[in-house]
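Scroll down for the structure; my scribbles are underneath it.
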Amino acid sequence: MERFTRTFGLLTACSAAVLALAGPSSAQESFKVGIVTFLSGPAAESFGVPAGKAAEFVIGELNKGAGPAPYNKVGFGGMKIEPVVIDENGGATKQVQELRNLYQRDNVDAVIGYIGSGDCLAVAPIAEELKKPLFLFDCGTPRIFEEAKYNYVFRTAAHATQDNVGLIRYMKMKNIKMDTFSAINQDYAWGQDSRADFVGAAGQLYPNAKLGADLLPKFGAGQYGTEVSALVSAGSDVVYSSLWGGDLQAFILQSVPRGLAKRSQLVLSAADHVLPPLGDKMPDGVIIGARGSYGLMSPKTPLNEWFFNGYEKAHGAYPVQAAYRVTQSILGVKNAVEKAMAKNGGKKPSADELVAAMTGSEWESPGGLIQMKNGDGHQAIQPISFSRTKYNAEKKRVDLVDIVNFEAECVNPPPGVKAIDWIKGGMKSDKCK
Numbered sequence: 000m001e002r003f004t005r006t007f008g009l010l011t012a013c014s015a016a017v018l019a020l021a022g023p024s025s026a027q028e029s030f031k032v033g034i035v036t037f038l039s040g041p042a043a044e045s046f047g048v049p050a051g052k053a054a055e056f057v058i059g060e061l062n063k064g065a066g067p068a069p070y071n072k073v074g075f076g077g078m079k080i081e082p083v084v085i086d087e088n089g090g091a092t093k094q095v096q097e098l099r100n101l102y103q104r105d106n107v108d109a110v111i112g113y114i115g116s117g118d119c120l121a122v123a124p125i126a127e128e129l130k131k132p133l134f135l136f137d138c139g140t141p142r143i144f145e146e147a148k149y150n151y152v153f154r155t156a157a158h159a160t161q162d163n164v165g166l167i168r169y170m171k172m173k174n175i176k177m178d179t180f181s182a183i184n185q186d187y188a189w190g191q192d193s194r195a196d197f198v199g200a201a202g203q204l205y206p207n208a209k210l211g212a213d214l215l216p217k218f219g220a221g222q223y224g225t226e227v228s229a230l231v232s233a234g235s236d237v238v239y240s241s242l243w244g245g246d247l248q249a250f251i252l253q254s255v256p257r258g259l260a261k262r263s264q265l266v267l268s269a270a271d272h273v274l275p276p277l278g279d280k281m282p283d284g285v286i287i288g289a290r291g292s293y294g295l296m297s298p299k300t301p302l303n304e305w306f307f308n309g310y311e312k313a314h315g316a317y318p319v320q321a322a323y324r325v326t327q328s329i330l331g332v333k334n335a336v337e338k339a340m341a342k343n344g345g346k347k348p349s350a351d352e353l354v355a356a357m358t359g360s361e362w363e364s365p366g367g368l369i370q371m372k373n374g375d376g377h378q379a380i381q382p383i384s385f386s387r388t389k390y391n392a393e394k395k396r397v398d399l400v401d402i403v404n405f406e407a408e409c410v411n412p413p414p415g416v417k418a419i420d421w422i423k424g425g426m427k428s429d430k431c432k
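Be aware that the sequence shown starts at 0, since it is given in numbering that gives the first Met the number 0, and climbs by one per residue.
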């Protein structure tokens, strides 16, 4: 418990409130869950810390029984949620050891975590080896369940294929010219897979488009002078990127003075989380996704109003994609725990009972319906939205306009089909507008 207090203190001075809500309790009266997110490093400010703040808010509300129906039962099935929060910064080898520590030293009942695709690929086999429930709340690479089968591992959010298929569909719907395009993506699983999906989807809806500059800087590069020069020189109709976190912020700040956004249409698959810190430094008219129907593109439902308004009041800023993603994971685990308890007579579920309840399940989230339809019931699909940026001087924030929502089945492959094969086969779906 000492480690939780010290680590979560990086997020906010009032973090101890969540611990107090959990309180001292027996194993039967509490459900101990590891929360892993970036608390330091370039992915922390705009991504990892908002996820941690969302976990703090949601767990605090659930432990008070203050969630909206159907999430108004205290904690998980009456058990107080006892969080142990870990910093994801440090690389995959460190995260493998931290995951072992969570299960074997801290005795958590489950882990909700991981943003980096490389980290997800590294930790998933460890959870399987230990036969402990692991709920990946983010990470984009489709490889998790396409290259392996897991019983104890789930991803409670859609993978990056929906980001790129949806982006291309939005561009086509809005008649964006793309005779030529260039790309800049991070050189690891997320960037490589995102690039492959975008190029493949472009080949279906923009078959004559020519790829110009194709850049893969390393994660955390920070300086993009050479890359910006190459993109400006290419002069493509469109510049596509899946950069995120501090890398995306740095790229925008370095490319705007060079006129890249005026020369080319910027299309960013996962950019909503950098809008608050960038403010008026984000150019108008940039096409962006948020990896779901999140933040300023989220649905107007009682569940979302509870989350959006509560988070904003607690933290002084509206929630963005990572905050939504960890929240839908927490609610999904709550749904599965209570489903298992309804079946076993109200007892705290075993690992296997929890796994059985989560497999193939579905639940409502602030961003819409989450369905565990792919990966043999272990991989989620969900709706997604896209829009354009427009700075609002009166509110002193970037607004999102021209929003389009796509149903989950329109932008995700069907069960049993690999993402890239579905894309190359024409992205067939009867759920598209």
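Yeah, the Cβ is synthetic: ideal placement off N, Cα and C, and Gly gets one too.
- Following the DSSP letters along the chain, one finds Y239 inside the beta strand (DSSP E) bounded by residues 237-240.
- For R396, the enclosing beta strand (DSSP E) begins and ends at 396-405.
- Here N106 is exposed, its C-beta having fewer than 16 other C-beta atoms within 10 Å.
- Separation of P301 and D283 (C-alpha to C-alpha, rounded to the nearest whole angstrom) is 31 Å.
- With a cut-off of 8 Å on Cβ pairs, the segment 318-338 is in contact with the segment 43-54, counting three or more such pairs.
- Membership of T92 in any beta strand (DSSP E) is not indicated; the residue belongs instead to the alpha helix (DSSP H) covering 91-103.
- A check of alpha carbon separations from Q264 across M177, A350, A341, L133 identifies M177 as the nearest.
- For P82, the uninterrupted beta strand (DSSP E) segment begins and ends at 79-86.
- Contact between the segment 370-384 and the segment 403-415 is present: three or more C-beta pairs spanning the two stretches fall below 8 Å.
- In this structure, the beta-carbon distance from I114 to P82 does not fall below 7 Å.
- With contacts defined as CB atoms closer than 7 Å, K171 and L204 qualify as a contacting pair.
- Our two residues, E304 and E44, have alpha carbons roughly 24 Å apart in a direct line.
- Membership of K148 in any alpha helix (DSSP H) is not indicated, and neither H nor E is assigned to it by DSSP.
- Beta-carbon to beta-carbon, A212 and A200 are separated by about 19 Å, too far to satisfy the 8 Å threshold.
- At the C-beta level, T140 and A91 stay beyond 7 Å of one another.
- For S193, the uninterrupted alpha helix (DSSP H) segment begins and ends at 188-204.
- Here G76 is near M340, since their CB atoms are less than 7 Å apart.
- With respect to T155, F134 sits close: the two C-beta atoms are nearer than 7 Å.
- Q185 counts as buried, since at least 16 other C-beta atoms from the protein chains shown sit within 10 angstroms of its C-beta.
- With contacts defined as CB atoms closer than 7 Å, S241 and S193 qualify as a contacting pair.
- Under the Cβ criterion (8 Å, minimum of three pairs), the segment 306-324 does not count as touching the segment 420-427.
- When C-alpha distances from G258 are compared across V231, G245, G331, the shortest belongs to V231.
- Shown here for V403: same chain residues with a beta carbon closer than 6 Å to its own, the five before and five after excluded, namely Y169, F385 in chain order.
- Judged by DSSP secondary structure, G288 falls outside any alpha helix (DSSP H) and instead within the beta strand (DSSP E) spanning 286-288.
- Counting every other CB atom within 10 Å of its CB across the protein chains shown gives K347 a total of 16 or more, marking it as buried.
- Note on geometry: alpha-carbon atoms of H272 and F56 lie some 18 Å from one another.
- Within 10 angstroms of the beta-carbon of G221 lie fewer than 16 other beta-carbons, which makes it exposed.
- For the segment 227-276, the full-length alpha helix (DSSP H) segments reaching 4 residues or more read 244-254, 259-262 along the chain.
- Taking the C-beta atoms as reference points, V122 is found nearer than 7 Å to Q94.
- Counting other Cβ atoms within 10 Å of its Cβ, K217 stays below 16 and is therefore classed as exposed.
- A straight line joining the alpha-carbon of G165 with that of E146 spans about 23 Å.
- The three-state secondary structure of D375, taken from DSSP, is helix.
- The alpha carbon of E361 has as its nearest neighbour, out of F405, V336, Y293, G344, the alpha carbon of V336.
- In this structure, V32 sits near I111, with a CB-CB distance shorter than 7 Å.
- Under the 10 Å beta carbon count, K338 is surrounded by 16 or more other beta carbons and is classified as buried.
- When the alpha-carbon of Y70 is set against those of N391, D375, S364, the nearest one is in S364.
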